[in-house]
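Peer 1: The structure that follows is given in the form of structure tokens.
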Amino acid sequence: MLVELTIRRTAGEPSPNSPVDGIRILALLPTQWRKDLKNVTGDIAIRIQTDENITKDQIRAEVNAVLTNPEVSDWELVNCHTLVNGHR
Numbered sequence: 210m211l212v213e214l215t216i217r218r219t220a221g222e223p224s225p226n227s228p229v230d231g232i233r234i235l236a237l238l239p240t241q242w243r244k245d246l247k248n249v250t251g252d253i254a255i256r257i258q259t260d261e262n263i264t265k266d267q268i269r270a271e272v273n274a275v276l277t278n279p280e281v282s283d284w285e286l287v288n289c290h291t292l293v294n295g296h297r
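Sequential numbering of the sequence shown, starting at 210, is according to the working numbering.
As structure tokens, this is what we get:
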């Protein structure tokens with residue numbers, strides 16, 4: 210499954226263009242997932258590809274669990290889009 214996540218800061222100033230929080234989030238996601246990070250106008254966009262039989266709801270649940278980590282708890286998952294052939 211290939212999905213694109215949009216993650217947004219929950220409060221405060223928009224994120225600067227620094228990818229530090231995005232890198233932290235990537236590091237906390239399951240290592241078997243292939244991940245690609247980009248910043249999008251203050252949000253973080255992460256593409257995830259899984260080889261295993263996993264549903265979008267399971268991915269969403271895993272990401273929400275990761276975002277409870279104190280290092281990245283000021284971010285929230287706002288979208289989880291399934292991509293077809295790498296495109297929305």
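Ideal Cβ positions, reconstructed from N, Cα and C, are used throughout, including at glycine.
(1) Could you pull the start and end residues of the alpha helix (DSSP H) that residue 266 belongs to?
(2) Residue range of the alpha helix (DSSP H) that residue 236 falls in?
(3) Taking 8 Å as the cut-off, decide whether the C-beta atoms of residue 274 and residue 214 are in contact.
(4) Under 6 Å Cβ to Cβ from residue 243, same chain only, skipping five residues before and after it: list those, please.
(5) Taking only three categories from DSSP, how would you classify residue 281?
(6) Residue 284: which of 212, 211, 220 and 210 sits nearest, CA to CA?
Peer 2: On the basis of the data shown:
(1) Segment 265 to 275, the alpha helix (DSSP H) holding residue 266.
(2) 229 to 237
(3) no
(4) 258
(5) Looking at residue 281 - three-state DSSP - the assignment turns out to be coil, as it is neither helix nor strand.
(6) 220
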